[in-house]
Structures are given as structure tokens and as C-alpha cells.
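Here the structure is laid out as C-alpha cells; the discussion comes afterwards.
Residue numbers (the working numbering): 2 to 48.
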């Protein structure tokens, strides 16, 4: 996994204005899509 792509994507998603209860799932799905990483690969980071 390319950590720099994931970190860049996470930074972009964190800049979005969203309710706190949506933050974990949004980070996992959107940052994964933006970084080209599957949810399975990111799953370890959000359990």
C-alpha cells in the first residue's frame, strides 16, 4: 500500500465538513477510493 497516497487522501477527507458520526465510515470509503486502496486493505486501520 502506498502510505503517502493514503495520507494525502485522508487529509483531503478530513477537510470536509461532516457530522462526527459519519467521519469513520467516510474516511474509510472515500479516502480508500481516492487513494486507490480497497476497503479490505484499509479495514485494519479502522477496526
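Backbone N, C-alpha and C fix where the C-beta goes; we use that ideal spot for every residue, glycine too. Being a predicted model, the structure only gives us computed values, none of them experimental.
To the nearest angstrom, how far is the alpha carbon of residue i from that of residue j?
i          : j          : result
residue 21 : residue 3  : 27 Å
residue 1  : residue 39 : In this structure the chain extends from 2 to 48, so residue 1 is not present and cannot be described.
residue 27 : residue 5  : 19 Å
According to DSSP, simplified to helix, strand and coil, what is residue i?
i          : result
residue 5  : helix
residue 35 : helix
residue 18 : coil
Here's a check: name, in chain order, each residue in its chain whose Cβ is nearer than 7 Å to the Cβ of residue i, leaving out the five neighbours to either side.
i          : result
residue 31 : 14
Under 6 Å Cβ to Cβ from residue i, same chain only, skipping five residues before and after it: list those, please.
i          : result
residue 24 : none
residue 36 : 6, 7, 10
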